[in-house]
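Chemist: The opening position of the sequence shown corresponds to residue 85 in our numbering, with each subsequent residue numbered one higher. In this text, a Cβ means the ideal position worked out from N, Cα and C, and glycines have one as well. As the structure is a computational prediction, the values presented were derived from the model and not from experiment.
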Amino acid sequence: ELGVPLHWFSTIRRVLRNLKMTFWEDRPQTIAIIPDAFIFLTSGMNLALSLGYYYNPATKHFLFSWLVGVIIGALLSAYLVQFLIKRYFVLISSFLVVVAGILYTAFPFDDIALLAARYINGIGTGLIIVPFIVHCSEISATRKRGFGLGLEQLCISLGVFIQATYISLWNAGSTFSPMRIHGIFCLGFGLGALGLAYLVIESPIFYIRRANDAQALNSLTCLQLPAVLSDEKKLLLVEHKNYVLLNEY
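1) Classify Glu286 as helix, strand or coil using the three-state DSSP reduction.
2) What is the rounded straight-line gap between the Cα of Ala179 and the Cα of Gln237?
3) Just mark Ala121 as buried or exposed, buried being the case when its beta carbon has 16 or more other beta carbons within 10 Å.
4) Short of 7 Å in beta carbon distance, which residues of its chain neighbour Tyr291, apart from the five on each side in sequence? Order them along the chain.
5) Can you tell me the Cβ-Cβ gap for Tyr188 and Leu199, rounded? I've got them flagged as a contact below 8 Å.
6) Check whether the region 258–276 touches the region 145–159, taking contact to mean three or more Cβ pairs, one atom from each stretch, closer than 8 Å.
7) At the level of alpha carbons, what is the spacing between Tyr163 and Tyr172?
8) Helix, strand or coil for Leu164, going by three-state DSSP, please let me know.
9) On the premise that Leu307 lies in contact with Ile212, defined as a C-beta separation below 8 Å, what is that separation, rounded to the nearest angstrom?
10) State the CB to CB distance for the pair Tyr203 and Ser149, rounded to an integer number of angstroms; the pair is presumed to be in contact (CB under 8 Å).
11) Have a look at Phe193, Leu151 and Cys220 and flag the residue whose alpha-carbon is nearest the alpha-carbon of Asn205.
12) For Ala197, which three-state DSSP category applies?
13) Leaving out five residues before and five after Asp110 in sequence, what residues of the same chain have Cβ atoms less than 7 Å from its Cβ?
14) In three-state terms, what does DSSP make of Asn296?
15) Among Thr305, Leu320 and Asn331, which residue has its Cα nearest to the Cα of Leu313?
16) Within a Cβ cutoff of 7 Å, which residues of the same chain sit near Thr143, ignoring the five residues on either side of it in sequence?
17) Which complete alpha helix (DSSP H) runs does the region 179–242 hold, if anything under 4 residues is left out?
18) Please report the distance separating the alpha-carbon of Val183 from that of Ala201.
19) What is the DSSP secondary structure of Asp110, reduced to helix, strand or coil?
20) Alpha carbon to alpha carbon, how far is Ser221 from Leu168?
21) Where Gly232 and His219 are concerned, what is the direct C-alpha to C-alpha distance, given to the nearest angstrom?
22) Considering only residues of the same chain and omitting the five flanking positions on each side of Met105, which have a CB-CB separation below 6 Å?
23) Assuming Val284 and Ala132 form a contact by the criterion Cβ under 8 Å, report the distance between their Cβ atoms to the nearest whole angstrom.
24) Using 10 angstroms around the beta-carbon of Pro141, count the other beta-carbons present and answer buried if the total reaches 16, otherwise exposed.
25) By the DSSP assignment, the alpha helix (DSSP H) with Ile123 in it spans what residues?
26) Could you round the C-beta distance between Gly136 and Leu242 to whole angstroms and report it? I think they count as a contact, below 8 Å.
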């Protein structure tokens with residue numbers, strides 16, 4: 085005998101069934117932040133460069149330039165997030181990531197071009213960090229908020245892993261520049277984010293703050309399956325409006 089009470093199995097099945105149901109209902113909330121994940125993958129790869137996972141000797145300016153770019157982008161987004169919808173941030177950030185990827189790929193031996201690419205990617209990362217945290221916190225169900233916000237660190241860590249792995253395994257006799265590989269990754273991830281920007285569903289809180297209840301209700305309808313208007317979602321709109329009033333006055 086296993087010595088496990090039979091009711092444990094029924095409890096586990098019930099928990100798994102509930103998890104499956106909530107995942108299905110909340111699936112649009114996860115899909116809405118997928119473009120951010122692609123951008124954060126390039127962020128992790130550039131962070132790895134700052135940590136020293138770079139094949140050729142690098143100056144301190146090169147190592148710290150990306151971090152300076154992130155600070156600049158974050159300061160800009162902290163102000164602009166009050167006025168711009170999330171999709172605009174995704175489009176601008178992914179465009180900057182693509183530009184940086186082109187520079188990395190086309191000019192892997194040009195120090196000035198590589199430095200510019202580092203700043204551009206850093207600004208693109210900084211521009212998406214603040215909107216991502218705000219947007220994900222506002223659209224995610226309470227039970228999934230930690231998972232959604234954790235996606236940032238997961239993708240950054242995966243980006244560091246990709247950069248560290250291919251640099252560690254790089255063949256010294258290869259005539260192909262490792263920086264060009266870095267650029268190809270950034271270009272691919274940036275284009276992926278740019279193409280998936282249409283998946284972004286705006287936060288209902290953003291529209292409530294602008295007294296646009298129709299758009300807020302539309303966002304709430306799209307964020308939870310089935311994507312049809314219901315009395316439950318009208319009640320959610322009232323709850324969100326009360327939340328905004330409570331936190332702004």
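Modeler: This is what the structure holds:
1) For the purposes of this step, residue 286 is identified with residue 202 of the sequence shown, where counting begins at 1. The answer is coil: DSSP assigns Glu286 none of H, G, I, E or B.
2) Position 95 of the sequence shown, counting from 1, holds the residue named residue 179. Position 153 of the sequence shown, counting from 1, holds the residue named residue 237. According to the sequence shown, residue 179 is Phe rather than Ala. For Phe179 and Gln237, the distance between alpha carbons rounds to 21 Å.
3) In the sequence shown, the residue the question calls residue 121 occupies position 37. Counting Cβ neighbours within 10 Å, Ala121 comes out buried, since at least 16 surround it.
4) Position 207 of the sequence shown, counting from 1, holds the residue named residue 291. Gln299, Ala300 and Ser303, listed in sequence order.
5) The count along the sequence shown starts at 1 and reaches residue 188 at position 104. The count along the sequence shown starts at 1 and reaches residue 199 at position 115. The beta-carbon distance between Tyr188 and Leu199, rounded to whole angstroms, is 11 Å. This is too long to meet the 8 Å contact definition.
6) no
7) To locate residue 163, count along the sequence shown from 1; it is residue 79. To locate residue 172, count along the sequence shown from 1; it is residue 88. Rounded to whole angstroms, Tyr163 to Tyr172 spans 14 Å at the Cα level.
8) Start at 1 with the first residue of the sequence shown, and residue 164 comes out as number 80. Of the three classes helix, strand and coil, the one that applies to Leu164 here is helix, per DSSP.
9) In the sequence shown, counting from the first residue as 1, residue 212 sits at position 128. In the sequence shown, counting from the first residue as 1, residue 307 sits at position 223. With 8 Å as the limit, Ile212 and Leu307 do not qualify as a contact, their Cβ atoms being about 20 Å apart.
10) For the purposes of this step, residue 203 is identified with residue 119 of the sequence shown, where counting begins at 1. For the purposes of this step, residue 149 is identified with residue 65 of the sequence shown, where counting begins at 1. The C-beta distance from Tyr203 to Ser149 rounds to 5 Å, short enough to meet the 8 Å contact threshold.
11) Taking the sequence shown and counting its residues from 1, one reaches residue 205 at position 121. Nearest of Phe193, Leu151 and Cys220 to Asn205, Cα basis: Leu151.
12) To locate residue 197, count along the sequence shown from 1; it is residue 113. Helix at Ala197.
13) Translated into positions along the sequence shown, residue 110 becomes position 26. Answer for Asp110: Ala225, Lys228 and Gln308, listed in chain order.
14) Position 212 of the sequence shown, counted from the first residue, corresponds to residue 296. Coil.
15) For the purposes of this step, residue 313 is taken as the residue at position 229 of the sequence shown. Nearest option by C-alpha distance: Thr305.
16) Sequence index remark: in the sequence shown, residue 143 carries index 59 (1-based). So no residue of the chain qualifies.
17) Listed in chain order, the alpha helix (DSSP H) runs fully inside the region 179–242 are 195–223, counting runs of at least 4 residues.
18) To locate residue 183, count along the sequence shown from 1; it is residue 99. To locate residue 201, count along the sequence shown from 1; it is residue 117. Near 7 Å, if we compare the C-alpha coordinates of Ala201 and Val183.
19) Stepping through the sequence shown from its first residue, residue 110 is reached at position 26. Coil at Asp110, not helix or strand.
20) What you label residue 221 is simply residue 137 of the sequence shown in a count that begins at 1. What you label residue 168 is simply residue 84 of the sequence shown in a count that begins at 1. Ser221 and Leu168: Cα-Cα distance of roughly 17 Å.
21) In the sequence shown, the residue the question calls residue 232 occupies position 148. In the sequence shown, the residue the question calls residue 219 occupies position 135. Spanning the two alpha carbons is a distance of roughly 10 Å.
22) As a first step, residue 105 must be located in the sequence shown, where it is residue number 21. Note that Met105 scores a pLDDT of 48, beneath 50, so its modelled location is shaky; the value from the coordinates is reported in the next line. The answer is none, since no qualifying residue turns up.
23) Your numbering for residue 284 matches position 200 in the sequence shown. Your numbering for residue 132 matches position 48 in the sequence shown. So it is not a contact: roughly 27 Å between Cβ atoms.
24) Start at 1 with the first residue of the sequence shown, and residue 141 comes out as number 57. Result: exposed.
25) The residue you call residue 123 lines up with position 39 of the sequence shown. Annotation: the continuous alpha helix (DSSP H) that includes Ile123 extends over Ile118 to Ser134.
26) By one-based count along the sequence shown, residue 136 stands at place 52. By one-based count along the sequence shown, residue 242 stands at place 158. So it is not a contact: roughly 18 Å between Cβ atoms.
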